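Novice: My questions will all concern the structure given below.
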Amino acid sequence: MEPFFKLHENKQLHRQIKILTYLRKRNDITSITELVQEIGCTPPTLRSDIQALRTKLPPSIQLQSIKIIGYRLKIPNGETLDTYLLSLVRETITYKIIDRSLRGNQQSFEAMRLEYHLSSSALRKIIQHMNHELKNYRIQLSPKNGDLIGKENEIRFFFFYFYTSFRRTIITDHTYLSSQETYKVMFAELEQVFQSHLHISNFRATLWLSILKERWLRRKQGEIPSETLSMIQSRKSFKRFSKKITPFLREILGIQQLSINELVWAYLIALHCISYSSSNYQETISHKATHYQEEAPAKKWIKQFLLDEVLIDGTTKEGIEQMSAYLANLRLLNKITDGFENHPLSIDHLVDPYFEALYHSWQDRLQQLKWQEIIPMTCIKEVALSLSMIQSSYQQIQRRKKQMIVFTFHGDAGYDNFLMAMIQKWLPETYHPLFLFDQPITQTKIDELGACLIISNYDLAEKMACEVIQIAQIPTHEEWTDLKLHLIERASSH
């Protein structure tokens, strides 16, 4: 939720979120003194914040006060704090303004002031603070109508960056996605649009379509350089794509017609939906492509540069293929905006010394002139992290059998596969894990697989009959430890 917290000025909510996350991290009774030092406030302010926070939390979350000693947070087993944080965030002015802008519900300054019960000076202060942070995304919020202004490519990426941090595959309250059946049909059709061969992430694809529909309904046009537009239009894969996506948009999303410019934009954004993971559900799925056929020459060229790197030693052939595909796709996406390099991952507590050394080595490499000539990059740390996650995931991948459990994760390029590799290092051999990143999780699918457990880092689209464990998008140290212990104990009891 990092984008939201930078945009939101309310200091009390910031402190309340810090209180919840720190108590969750400690997972034990925490003294008032320790909490005051961590939050950076006085004891009276802490007590006032906690008292106000208790009125906002659902009954299932208990923020307990232990006399004289301190506080403890209790959350039901298998649930994560992220879902409850979203319920707090959605009631804020900051979230409502961004959400209204996405949906095109423009308001005058006076209408916003009246709706949010603010003075003119207070509302101006909020907008000024948001605009100070929005400069980092090269966009601004208009005080005249509450709409985001700037280049359309930057606005679209900001919406994706903003909403993806809330772990939702679909932006909430969209009437055109009001039923789970619509959701299932949507993704099934989407797979056909992407020619059934691209290894796409169900999470990213559905979220991007939710955002793009809103922009298309407002007749917003993304920017594509003329030479890129001409190059894409001449591709066979684009012609197949545009032929299939037109009826999909009309029948599923209600979009009657799109310009060539927007068809090319949708074609390119499919590359941001690629999952660089090896699915072990059905052999045919594991061989899905991670790039368009016309990117093969660029991928081959980049692959040669990778093979010349000492860093690549010990990486499997498949790993090198995935790394070169990621860089080839990023090179093409950068023609829209360099925002696609960015992602807000903080995984320090999940990595080992080997990974840390690999990550820092890639940072050094990518700053070198030869790599900057291949792919001019601005977010070098983020690209280095994605490369490190993909590479480390292909050092050694083992197949396991027996109890069937399903893992479904979302995250930036390489993150889902990185989590998969981390889990496989300690997962007991009594399990047969299935890592499903390229399709929605449904009860029908779980019944078909005979799975007895699902572990997810985002909210599932429907309630499941089997046991479900939800962890945060970036799990805390305690959640990671609890997940290990739970699976080890479960394995020993079966």
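So for the sequence shown, UniProt numbering puts the first residue at 1; every next one is plus one.
Idealized CB from N, CA, C, for every residue including glycine.
These numbers were taken from a predicted model, which means no experiment stands behind them.
1) Who does K74 pair with in a DSSP beta bridge?
2) Quick one: any contact between the segment 95-105 and the segment 292-304, if contact means 3 or more CB pairs under 8 Å?
3) Can you grab the Cα-Cα spacing for the pair I39 / K11, in whole Å?
4) How is the beta strand (DSSP E) around S456 delimited, first residue to last?
5) Can you tell me whether D412 is buried or exposed, with buried defined as 16 or more other CB within 10 angstroms of its CB?
6) Indicate the three-state DSSP secondary structure (helix, strand or coil) for I149 in the structure shown.
7) Could you say which of Y267, L258, I255 and L148 lies nearest to S237 if we only look at CA atoms?
8) Pick from E251, P3, T444 and S392: whose alpha carbon is nearest that of I320?
9) Compute the beta-carbon to beta-carbon distance between E294 and R331, rounded to the nearest angstrom, for a pair I have assumed lies under 8 Å.
10) Could you give the DSSP three-state label for Y137: helix, strand or coil?
11) Under 7 Å Cβ to Cβ from A472, same chain only, skipping five residues before and after it: list those, please.
12) State the Cα-Cα distance for the pair L311 and I200, rounded to the nearest angstrom.
13) For the beta strand (DSSP E) that contains L85, what are its first and last residues?
14) Going by other Cβ atoms of all chains shown within 10 Å of its Cβ, with 16 needed for buried, is G414 buried or exposed?
15) Taking the continuous alpha helix (DSSP H) assigned at I405, which residues delimit it?
16) Going by DSSP, what residues sit across from L434 in a beta bridge?
17) So, does the segment 83-96 touch the segment 15-34, judging by three or more C-beta pairs under 8 Å?
18) Taking DSSP as the reference, what is the three-state secondary structure of S31?
19) How many Å lie between A357 and M422 at the Cα?
20) Count Cβ pairs between the segment 115-122 and the segment 67-76 that sit closer than 8 Å; are there 3 or more?
21) Starting from V383, follow the beta strand (DSSP E) in both directions and report where the run begins and ends.
22) DSSP three-state call for H174: helix, strand or coil?
23) Between the segment 91-101 and the segment 37-54, are three or more C-beta pairs nearer than 8 Å?
24) Taking only the alpha-carbon atoms, compute the straight-line gap between residue 516 and K96 and give it to the nearest angstrom.
25) Which residues in the same chain as I17 place their Cβ atom closer than 6 Å to its Cβ, once the five residues preceding and following it in sequence are excluded?
26) So the candidates are D348, Q395 and L263; which of them puts its Cα closest to the Cα of M323?
Specialist: In short, the structure shows the following:
1) Residue pairing for K74: DSSP places it in a beta bridge opposite Q62.
2) Not touching, per the Cβ criterion.
3) Looking at the two C-alpha atoms, the distance is approximately 11 Å.
4) L453 to S456 is the span of the beta strand (DSSP E), which, as asked, contains S456.
5) Counting Cβ neighbours within 10 Å, D412 comes out buried, since at least 16 surround it.
6) DSSP places I149 within a strand segment (E or B) once states are collapsed to three.
7) Nearest neighbour of S237 by Cα position, chosen from Y267, L258, I255 and L148, turns out to be Y267.
8) For the set E251, P3, T444 and S392, the Cα lying nearest the Cα of I320 is the one of S392.
9) Your pair E294 and R331 does not check out as a contact, with CB atoms roughly 13 Å apart and the cut at 8 Å.
10) It is helical.
11) Within the same chain, A472 has close Cβ partners T80, L81, D82, N457 and E479.
12) Cα-Cα distance, rounded: 28 Å.
13) Segment L81 to V89 is the alpha helix (DSSP H) holding L85; no beta strand (DSSP E) there.
14) A buried status is given to G414, since no fewer than 16 other beta-carbon atoms sit within 10 Å of its beta-carbon.
15) Going by DSSP, I405 is part of no alpha helix (DSSP H) but of the beta strand (DSSP E) stretching over Q403 to T408.
16) Bridge partners of L434: V406.
17) The segment 83-96, when compared against the segment 15-34, does touch it at the 8 Å Cβ threshold.
18) In this structure, S31 counts as strand in the three-state DSSP scheme.
19) Computed Cα separation, rounded: 16 Å.
20) No, they do not touch.
21) Following the DSSP letters along the chain, one finds V383 in no beta strand (DSSP E) but inside the alpha helix (DSSP H) bounded by residues I380 to S393.
22) The pLDDT assigned to H174 is 46, lower than 50, so where the model puts this residue is not dependable; a value taken from the coordinates is nonetheless given after this. Look at H174 here: in three-state DSSP terms it is coil, with no helix or strand label.
23) Taking a cut-off of 8 Å for Cβ pairs, the segment 91-101 and the segment 37-54 do not touch, as fewer than three such pairs fall below it.
24) Residue 516 lies beyond the range of the chain shown here (1 to 494); nothing can be said about it.
25) For I17, where only same-chain residues beyond five positions count, there are no Cβ hits under 6 Å.
26) Looking at the Cα atoms, Q395 is the closest of the given residues.
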